[in-house]
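Only one structure is covered here, and it is reproduced in the block below.
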Amino acid sequence: MEITCLCNFASVDSKEMQRLAPAPLPITHTQHPNWTGGADDLLYVYEDLTIISSDLVHFRVHQARLLKTSSNMFNGLFPSSGAQDFGEPKQDDNLKETEPRSTNDEQDHEEQKLEGDSERTLYLPESGSVLNTLFCAAYNRSPVDASHTSLSDLSLAVAALKKYGVPLETAAAERSFMFSAFASHCASSPSFALEVYVIGAAHAPDLHALAVYASQFLLSLDLSTVSDETASALGVVYLRKLIALHFERVEQFKRQLVCLPQLHKPNVYCGASGGEALLRAWSLATTYLSWAAAPDVPTSSIDRAMTSVMEMLTCDTCRVSLRNRFQNLKQEWAHVKKTI
1 MEITCLCNFA SVDSKEMQRL APAPLPITHT QHPNWTGGAD DLLYVYEDLT IISSDLVHFR
61 VHQARLLKTS SNMFNGLFPS SGAQDFGEPK QDDNLKETEP RSTNDEQDHE EQKLEGDSER
121 TLYLPESGSV LNTLFCAAYN RSPVDASHTS LSDLSLAVAA LKKYGVPLET AAAERSFMFS
181 AFASHCASSP SFALEVYVIG AAHAPDLHAL AVYASQFLLS LDLSTVSDET ASALGVVYLR
241 KLIALHFERV EQFKRQLVCL PQLHKPNVYC GASGGEALLR AWSLATTYLS WAAAPDVPTS
301 SIDRAMTSVM EMLTCDTCRV SLRNRFQNLK QEWAHVKKTI
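Numbering (full-length UniProt numbering), first residue to last: 1 to 340.
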């Protein structure tokens, strides 16, 4: 009977077999040859837990690593006894400390799992993208490209980090995967930067640094377009910080226009006034710049203002003085604080 079944199975077309076969489930391992910080202690330790996301992405992780990172036993899903020190990982007596795990060891481990099935399986309601961000924070590792993570997934990942007790302040620290992902969205458009700013404000003080970083991309934002819903999500403190940033930069720019260009002694080109034309040119330029003052005045606008009045001057000394004053203005403006 068994032979007959095998023969019948063999007669099935190979393409039909591929069509009928179930699609393989994606599996993500925590082990990676390019670990960054905090991963060397897991070089010889096998994963003892498989976590499956809502979209059936599999993550093989170390229960003790998650417990060590979490402040609430991973939302109470793990026993506290599962936490252990990875300072001296288990390894074979004949295996040198500097040697990586061999392919045969991995095959033996897979066979042992099939025989004993000692690994636990845990299903979580979050998506694979959200859990990937969570585990990157727990293991202090960074994917190759952080820009592929959507802003909505990052927002959900922040909620997941709080839910499972992973510290937000360290998870979103500068140079971390999460911070890099948020930064890529900030650079894409002011609307995305505003969303990042809202996330940072909503989870302050843990994500205060993220809100500070995002604020520099909001200088071109028209504050009158901020919806009541967004303003409510920001809260009074961070909404006031953003308004103050815009106001202070505009006032600082106007104050920088007060200083006059350097005058020179009277000569045959300027007459007895010794630079009256220079002062008129500067006054016209600064009148326009004061009217156009904004938190994000570009240097190109300053250059255009200079060019528009430069033709009024026939004295080379006045031209040099005016050009130097505009150059100083651009340098001063570049050093004005750009963040909350």
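Cβ coordinates follow ideal geometry from the N, Cα and C atoms, glycine included.
| Check | Outcome |
| --- | --- |
| Inter-residue spacing [alpha-carbon to alpha-carbon] between G165 and L221 | 35 Å |
| Secondary structure of V61, DSSP reduced to three states | strand |
| Rounded C-alpha distance that separates R141 from L134 | 10 Å |
| Length of the line joining the Cα atoms of Y269 and R323 | 18 Å |
| Where S150 falls, given that 16 or more other Cβ within 10 Å makes a residue buried | exposed |
| Continuous beta strand (DSSP E) assignments of at least 3 residues falling wholly in the stretch 117-187 | 120-123 |
| Exposure label - E47; buried when at least 16 CB within 10 Å | buried |
| Bridge partner(s) assigned by DSSP for L49 | V61, R120 |
| Beta-carbon proximity of T50 to L122, cut-off 9 Å | yes |
| Meets three-Cβ-pair contact criterion under 8 Å: the stretch 234-251 and the stretch 197-215 | yes |
| Residue of K330, L124, D55 minimising C-alpha distance to G76 | L124 |
| Residues of its chain near L239, where Cβ-Cβ distance is below 7 Å and the 5 sequence neighbours each way are ignored | A231 |
| Rounded separation between E248 and K254 - CA only | 10 Å |
| Sub-9 Å separation of T314 and A277 beta-carbons | yes |
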